[in-house]
Amino acid sequence: MAGRSIRTERPWSLRAFFLQWEWLLALIFVAINVVNSTLSPYYFSVDTFLQTPKNFLDIAFLVLPMTLVIIMGNIDISVGSTVALSAVVMAVSFSAGLPMPLAMALCLLVSTGCGFVNGILMTKFKELSSVIITLATMIIYRGIAYVILEDQASGDFPKWFSAFGWGSIGQVPLILIVFALCAILFGLLLHGTSFGRQVYGIGSNPVASRYSGIKIDSVVMIVEMLTGLMAGFTAIFLTSRMDSTRPNVAQGYELEAIAMVVLGGVSTSGGKGRMAGPLLAVFIIGFLNYGLGLVNIPSQVLLIIIGLLLILSVLVMNVRFQSRHQRSALSPSRSVSGGDRPIEKKGTRRR
Amino acid sequence: MTDELRASFRTGRRPVRFGESFRELGLLVFIVVVCGVVQLRNPNFLTLSNLRDLFANTAILSILAVGMMMVLLTRGIDLSIGATIALSGMVSALTVQAIPTIPPVVSVLEGMIVGLAVGAAIGMLVAKFDVLPIIATLGFMNVIRGLTYLISNGAWVSSYQMSAGFQRIASGSLFGVSNLIVIAVVIYIVFGYFINHTRTGRQIYAVGSNPEAADIAGLSRRRVVWLVYAAMGTLAGLAGVLWVSKFASAQGDTAVGYELDVIAATVLGGVSISGGSGRVSGLILGSVLFGVLDNALPLVNVSPFWQEAIQGTVILAAVVINVLVKRNGQRYALRKRVI
Amino acid sequence: MSEFILELNHVTITFPGVRALDDVHFDLRPGEIHALMGENGAGKSTLIKVITGVYQPDSGEILFNGAPVDIRSPLDSQRIGIAAIYQHVSCYRDLSVTENIFIGHEKIGALTRRIDWKELHRRAEELLARLDADFDPRAPMGDLSVAQQQIVEIAKALSTNARILIMDEPTAPLTSRESEDLYRITEGLRDRGVSVIFISHRLEDMYRLASRLTIFRDARNVGSWKLSDISREDIITAMVGREITQLFPKRRLAIGGEILRVQGLSRRGYFKDVTFSVRKGEILAITGLVGAGRTEVCEAIYGITRAESGRIILDGEELHVANPSQAIRKGIGYLPEDRLRQGLVLDWELSKNVTYPALKKFSTAGWIRTKKENEVTRDRAERLEVKAGSVFDKASTLSGGNQQKIIVAKLLTAGMKVFILDEPTKGVDVGAKTAIFEIMSDLAERGYGIIMVSSEMPEVLGMSDRIVVMKEGRVAGILETSATTQEQILQAALSGPAAS
Numbered sequence: 025m026a027g028r029s030i031r032t033e034r035p036w037s038l039r040a041f042f043l044q045w046e047w048l049l050a051l052i053f054v055a056i057n058v059v060n061s062t063l064s065p066y067y068f069s070v071d072t073f074l075q076t077p078k079n080f081l082d083i084a085f086l087v088l089p090m091t092l093v094i095i096m097g098n099i100d101i102s103v104g105s106t107v108a109l110s111a112v113v114m115a116v117s118f119s120a121g122l123p124m125p126l127a128m129a130l131c132l133l134v135s136t137g138c139g140f141v142n143g144i145l146m147t148k149f150k151e152l153s154s155v156i157i158t159l160a161t162m163i164i165y166r167g168i169a170y171v172i173l174e175d176q177a178s179g180d181f182p183k184w185f186s187a188f189g190w191g192s193i194g195q196v197p198l199i200l201i202v203f204a205l206c207a208i209l210f211g212l213l214l215h216g217t218s219f220g221r222q223v224y225g226i227g228s229n230p231v232a233s234r235y236s237g238i239k240i241d242s243v244v245m246i247v248e249m250l251t252g253l254m255a256g257f258t259a260i261f262l263t264s265r266m267d268s269t270r271p272n273v274a275q276g277y278e279l280e281a282i283a284m285v286v287l288g289g290v291s292t293s294g295g296k297g298r299m300a301g302p303l304l305a306v307f308i309i310g311f312l313n314y315g316l317g318l319v320n321i322p323s324q325v326l327l328i329i330i331g332l333l334l335i336l337s338v339l340v341m342n343v344r345f346q347s348r349h350q351r352s353a354l355s356p357s358r359s360v361s362g363g364d365r366p367i368e369k370k371g372t373r374r375r
Numbered sequence: 068m069t070d071e072l073r074a075s076f077r078t079g080r081r082p083v084r085f086g087e088s089f090r091e092l093g094l095l096v097f098i099v100v101v102c103g104v105v106q107l108r109n110p111n112f113l114t115l116s117n118l119r120d121l122f123a124n125t126a127i128l129s130i131l132a133v134g135m136m137m138v139l140l141t142r143g144i145d146l147s148i149g150a151t152i153a154l155s156g157m158v159s160a161l162t163v164q165a166i167p168t169i170p171p172v173v174s175v176l177e178g179m180i181v182g183l184a185v186g187a188a189i190g191m192l193v194a195k196f197d198v199l200p201i202i203a204t205l206g207f208m209n210v211i212r213g214l215t216y217l218i219s220n221g222a223w224v225s226s227y228q229m230s231a232g233f234q235r236i237a238s239g240s241l242f243g244v245s246n247l248i249v250i251a252v253v254i255y256i257v258f259g260y261f262i263n264h265t266r267t268g269r270q271i272y273a274v275g276s277n278p279e280a281a282d283i284a285g286l287s288r289r290r291v292v293w294l295v296y297a298a299m300g301t302l303a304g305l306a307g308v309l310w311v312s313k314f315a316s317a318q319g320d321t322a323v324g325y326e327l328d329v330i331a332a333t334v335l336g337g338v339s340i341s342g343g344s345g346r347v348s349g350l351i352l353g354s355v356l357f358g359v360l361d362n363a364l365p366l367v368n369v370s371p372f373w374q375e376a377i378q379g380t381v382i383l384a385a386v387v388i389n390v391l392v393k394r395n396g397q398r399y400a401l402r403k404r405v406i
Numbered sequence: 314m315s316e317f318i319l320e321l322n323h324v325t326i327t328f329p330g331v332r333a334l335d336d337v338h339f340d341l342r343p344g345e346i347h348a349l350m351g352e353n354g355a356g357k358s359t360l361i362k363v364i365t366g367v368y369q370p371d372s373g374e375i376l377f378n379g380a381p382v383d384i385r386s387p388l389d390s391q392r393i394g395i396a397a398i399y400q401h402v403s404c405y406r407d408l409s410v411t412e413n414i415f416i417g418h419e420k421i422g423a424l425t426r427r428i429d430w431k432e433l434h435r436r437a438e439e440l441l442a443r444l445d446a447d448f449d450p451r452a453p454m455g456d457l458s459v460a461q462q463q464i465v466e467i468a469k470a471l472s473t474n475a476r477i478l479i480m481d482e483p484t485a486p487l488t489s490r491e492s493e494d495l496y497r498i499t500e501g502l503r504d505r506g507v508s509v510i511f512i513s514h515r516l517e518d519m520y521r522l523a524s525r526l527t528i529f530r531d532a533r534n535v536g537s538w539k540l541s542d543i544s545r546e547d548i549i550t551a552m553v554g555r556e557i558t559q560l561f562p563k564r565r566l567a568i569g570g571e572i573l574r575v576q577g578l579s580r581r582g583y584f585k586d587v588t589f590s591v592r593k594g595e596i597l598a599i600t601g602l603v604g605a606g607r608t609e610v611c612e613a614i615y616g617i618t619r620a621e622s623g624r625i626i627l628d629g630e631e632l633h634v635a636n637p638s639q640a641i642r643k644g645i646g647y648l649p650e651d652r653l654r655q656g657l658v659l660d661w662e663l664s665k666n667v668t669y670p671a672l673k674k675f676s677t678a679g680w681i682r683t684k685k686e687n688e689v690t691r692d693r694a695e696r697l698e699v700k701a702g703s704v705f706d707k708a709s710t711l712s713g714g715n716q717q718k719i720i721v722a723k724l725l726t727a728g729m730k731v732f733i734l735d736e737p738t739k740g741v742d743v744g745a746k747t748a749i750f751e752i753m754s755d756l757a758e759r760g761y762g763i764i765m766v767s768s769e770m771p772e773v774l775g776m777s778d779r780i781v782v783m784k785e786g787r788v789a790g791i792l793e794t795s796a797t798t799q800e801q802i803l804q805a806a807l808s809g810p811a812a813s
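Below you can see the structure in the form of structure tokens.
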């Protein structure tokens, strides 16, 4: 064999590098901060960037595993209820005399358990879509939270517990440190490990993954349990910040988390997207909200902006996709009889 | 032609829609059992006035379920309806507040038009621009909820600001039957007819059952898909007016999360989220079961806080049992094969 | 009245990067059964889609009864009187038989717009009776057998009074007796003056049924013949474009001891009492009609499904494989039949695809070592002579043959003992076929046991050492290739075990 015929260096082009979705998000993030600083002379400071995230990071813990779930082609709408149930269990067990650290451990155990149940149902009943399963468990988990606490609030946590929501190590809020740590771990897990590779593979083509010997069930189980675990984190931070909890906390968190993940460029049809996108989306929305507060625009406007961003981003992604595949309506790659699929390129076909 | 030929195409049995009827029968039996148990423990359950309450309280849910069924039939989903209810309710309430003399019929139409506008826009995104339904409706959910807060400035419209005529839309009755029930029955008749007896109605099934084939057969898939979202929006708009009239209060957070209740009732009624299958008859049973659980549990001193957990468990049990029955059916079919 | 009911002249259609039809002529006489043959990707299906209005040609004309027509949508073609029966796609499993027949053109009341179900069911029953089928038109389509579904499709064509009926591989999923029934129905249609375009890969279909034959190759019409004027050999030559015998680089090798043994394997509804064995360095072909249970047996060995009884013995050790992951660990590699769906993650780079079944071997403590991954991919791809620029090429950009080689590269992890190749040359062009056979011979030479599932008689005879013929889920015979003719295989595949 004369020399190497197949390259192993990653092809790199400036254009492709800058055409990534994350750049657009980064641009939006910068734009928001520029606008914010013109609105308030005190805005642009290290303190702002360190303290603002306290307000929105508790839900961001859900975004991390939700990214994995959606890349895998599933959806989990039970996370908000999982937060509520585990928070309620933590509060009630503390009121019943359990030491707070143990109550927190119990909280994480319960939330992971919720994920475990979701995972079992998904793997045992593959005919059912994950939407239906988690819709049912969403109602059940919140229902159990109501059964436990009825419409009471529970609180009176020890002083030190409020540190989770409000405390800082030096200048940096504790929640930011914990979140950064989790985000890095999830990023590494998704992009560096064979587990992450399998998550992508299952989302892109579950059938081929199965034929390639991937244990889809265990991957689904692990991702669901991670989702539960992170919901437990949200429960702890949220409860600490509010200093009490009720069965109706975190209502609608599931859809917010999904919206951020999609805004981050992760496709709900699975297999596509990166961790960086949803993370940027979290900060975009958080800082946008902060900026709206600066000029006294009601925070509900934020809803409209999130919605429009969501629709626009998906439209842009669709257009980008379609320009590369004309004749999309009845495109040959979705060929009807499945027989001839002229997706092979002529150029590579001939010798 | 020969006997041999007969052998392979003559089946000897006339297959019936075993699966669906069986499932609906199961639901019906379950409803009857629940009703029976509740009646034994509390004789106030099967009284005319309580049943009237039960059905009136189920009416809005069941109206929305019809729309959701059509959306699910096309393999779609609509998460925006809770927000649409709030918007249309708020718009009609604000109008009534400003012009108290406005006839109730106009209020209803107003709400429906608001809903239609929302539904048509969502339908455009899904049918024309191929945006995934879950994303399109999630986006619209946020936009519409935000709009609702904006037009009301975050304030409520309360009962004293609504005309009596407006409140009678829901609380009034026709020949002794609550208006809500009358409206729901009319909706079911109209849409039952549309879904089962018109070409377009049947094409909803075709599109969800096999989109590629629908394209090849020249059915206008995009028109059908647009139509179901427009219809869903219109029904949500109607439901919004009914909701506000019934509870005599329009708020920014009216019906938050209600979309998931509706989807749950629809799925309970046997509509498959993967498209193509589900019947109006099942839908009615699903909604009624939902209503019965709501109404009956307090009557037998089950704490209201148990309700959600029980509802969720029933839904989960229903879908899981459905899967098990289907699996069993497949095993049965295999046994009949020669090999 | 023109000589042809349908005539296409100079039709060309191009998809991004591919010319799917190249200056194609095609004609169809009234009341004839016209067969269409060609390898996958030769252009048959595209032609059908042009005729039915799914695709619009870039240039060229279509004449119907001598007059030019403009077919812009499937509805247009239905209106002219063209009906098509696709293999699976066009049925709505959730709808009733009646609705499947009449969808889109149901009879409705003028005022009420109400569908007249009673009338429709009656007409459906009538149509089915004409085809001598008696199942209930109210039954959901999903409850019917494949053969029954095809009858419904034909009834659908009849209901529109179609003058041209296109059948795309209708016999592929049918048993031989069901096929024979279908032939008779088709002949009945012809006798009523319907022109039929019949696409099939089975030569038997052609000779049994068609009067004329048109062959496609590489997006062109190679020619049309009367069936009485052309021999089987000529048909194959015309399809592949060269003499078939040069294709098989079969090497005679010393065959070693038994490596895999399957004993009495059964799975209810799929296969029963299947017994065979493979030796080191041997290529064992499994053949039979589509639906005979070949793939199902292989999938049971690989752990995709589980056999209910029977034993699988690999290298003297009994296997209890619950999933493909275990099968791979034990040394069984499987190249699945549907390479686009089962074989590859098309969005992925070659390197990710190649390492997918053995991620553990390419990672340290869960961490993927991309450098090793890329280098191993390059080495394997070069050894298999994959035509690709970089290991970062997306799998979807490769040709069918090169995709197949990438799947083979996936299997080449250390520790493998047996390879199961399910239709390895399906949808692959002729040059690449030879290359794949070359690879198979190499693997055999290196001492692997190879099971090749194939429907193509020439490659079964050309490449294998022994042949397992399956029929309706059972082994109908095991033949020594050197002493076997095509006729003997067909005999076994059609009529089953001579002894029992």
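Chains as they are written, first to last, in our numbering: chain A, 25 to 375; chain B, 68 to 406; chain C, 314 to 813. Glycine included, every Cβ here is placed at the ideal spot set by N, Cα and C.
**OP:** Quick one: grab the DSSP three-state call for residue 299 of chain A.
**Re:** As a working note, residue 299 of chain A is residue 275 in the first sequence. In the structure shown, residue 299 of chain A sits in coil (DSSP, three-state: anything other than H, G, I, E or B).
Original post:
Are residue 300 of chain A and residue 110 of chain A close, meaning C-beta to C-beta below 8 Å?
Top reply: Within the first sequence, residue 300 of chain A is the residue found at index 276, counting from 1. Within the first sequence, residue 110 of chain A is the residue found at index 86, counting from 1. Against a cut-off of 8 Å, the Cβ pair of residue 110 of chain A and residue 300 of chain A comes out as no contact.
Subject >> residue 310 of chain A, buried or exposed, once every other Cβ within 10 Å from all chains shown has been counted against 16 >> reply: Along the first sequence, read from residue 1 onward, the residue named residue 310 of chain A stands at position 286. With 16 or more other Cβ atoms within 10 Å, it is buried.
**OP:** Name, please, each residue of chain B whose Cβ falls closer than 7 Å to the Cβ of residue 312 of chain A.
**Re:** The count along the first sequence starts at 1 and reaches residue 312 of chain A at position 288. By Cβ distance, chain B contributes nothing, its closest Cβ being about 13 Å from residue 312 of chain A, past 7 Å.
**OP:** Taking only the alpha-carbon atoms, compute the straight-line gap between residue 102 of chain B and residue 96 of chain B and give it to the nearest angstrom.
**Re:** On the second sequence, residue 102 of chain B is found 35 positions in, with the first residue counted as 1. On the second sequence, residue 96 of chain B is found 29 positions in, with the first residue counted as 1. C-alpha separation (whole angstroms): 10 Å.
Original post:
What number of angstroms, rounded off, separates the C-alpha of residue 528 of chain C from the C-alpha of residue 346 of chain C?
Top reply: Position 215 of the third sequence holds residue 528 of chain C. Position 33 of the third sequence holds residue 346 of chain C. The straight-line gap from Cα to Cα measures roughly 14 Å.
Subject >> Closest by C-alpha distance to residue 267 of chain A, when choosing among A:275, A:235, A:182 and A:210 >> reply: Reading the first sequence from its first residue, position 243 is the one you call residue 267 of chain A. Among A:275, A:235, A:182 and A:210, the Cα nearest to that of residue 267 of chain A is on A:182.
Original post:
Is the shortest distance between the beta-carbon of residue 656 of chain C and the beta-carbons of chain F less than 8 Å?
Top reply: Of the chains in the structure shown, none is chain F; the protein chains are A, B and C.
Subject >> Integer-rounded CB distance, given that residue 719 of chain C should sit under 8 Å from residue 725 of chain C >> reply: Within the third sequence, the letter at position 412 stands for residue 725 of chain C. Within the third sequence, the letter at position 406 stands for residue 719 of chain C. With 8 Å as the limit, residue 725 of chain C and residue 719 of chain C do not qualify as a contact, their Cβ atoms being about 11 Å apart.
Original post:
If we ignore side chains and look at the alpha-carbon of each, how far apart do residue 511 of chain C and residue 479 of chain C end up?
Top reply: Taking the first residue of the third sequence as 1, we reach residue 511 of chain C at position 198. Taking the first residue of the third sequence as 1, we reach residue 479 of chain C at position 166. Distance between the alpha carbons of residue 511 of chain C and residue 479 of chain C is about 6 Å.
Subject >> Near the ligand GTP: residue 220 of chain A beta-carbon under 7 Å from a heavy atom >> reply: In the structure shown, the ligand GTP is absent, as is every other ligand, since no ligand is present at all.
Original post:
Quick one: what's residue 229 of chain A bridged to in DSSP?
Top reply: Locating residue 229 of chain A in the first sequence gives position 205, where the first residue counts as 1. Its beta-bridge partners do not exist; DSSP assigns none.
Subject >> Any 3 or more C-beta pairs closer than 8 Å across the stretch 373-385 of chain C and the stretch 251-260 of chain B >> reply: no
**OP:** Would you identify the three-state DSSP class for residue 798 of chain C, choosing helix, strand or coil?
**Re:** Taking the third sequence and counting its residues from 1, one reaches residue 798 of chain C at position 485. The answer is coil: DSSP assigns residue 798 of chain C none of H, G, I, E or B.
Original post:
Three or more beta-carbon pairs under 8 Å between the stretch 160-172 of chain B and the stretch 286-305 of chain B, yes or no?
Top reply: no
Subject >> CA nearest to the CA of residue 220 of chain A, picked from A:197, A:250, A:201 and A:164 >> reply: Here the question's residue 220 of chain A lines up with position 196 in the first sequence. Cα-wise, what sits closest to residue 220 of chain A is A:250.
Original post:
So is residue 338 of chain A in contact with chain B if we call contact Cβ pairs under 8 Å?
Top reply: Locating residue 338 of chain A in the first sequence gives position 314, counting from the first residue. With 8 Å as the cut-off, residue 338 of chain A counts as an interface residue toward chain B.
Subject >> residue 533 of chain C - DSSP class collapsed to helix/strand/coil >> reply: In the third sequence, residue 533 of chain C corresponds to position 220, counting from 1. Three-state DSSP puts residue 533 of chain C in a strand.
Subject >> Proximity to residue 44 of chain A [Cα-Cα], best of A:239, A:304 and A:323 >> reply: Translated into positions along the first sequence, residue 44 of chain A becomes position 20. It is A:304.
Original post:
Got a sec, what are the start and stop residues for the beta strand (DSSP E) residue 624 of chain C sits in?
Top reply: Taking the third sequence and counting its residues from 1, one reaches residue 624 of chain C at position 311. Element bounds for residue 624 of chain C: 622-627.
Subject >> residue 602 of chain C to residue 806 of chain C span [Cα, whole Å] >> reply: One-based indexing of the third sequence puts residue 602 of chain C at position 289. One-based indexing of the third sequence puts residue 806 of chain C at position 493. Those two C-alpha atoms are separated by around 7 Å.
Original post:
What in chain C is Cβ-close to residue 34 of chain A, meaning under 8 Å?
Top reply: Counting from one through the first sequence, the residue named residue 34 of chain A turns up at place 10. Correct list: 705.
Original post:
For chain A, is any of its Cβ atoms less than 8 Å away from the one on residue 275 of chain B?
Top reply: Working through the second sequence from its first residue, we reach residue 275 of chain B at position 208. Residue 275 of chain B does not count as touching chain A.
Original post:
In chain order, what residues of the same chain have a beta carbon less than 7 Å from the beta carbon of residue 741 of chain C, not counting five sequence neighbours either side?
Top reply: The residue labelled residue 741 of chain C in the question sits at position 428 within the third sequence. Hits under 7 Å: 713, 714, 717 and 749.
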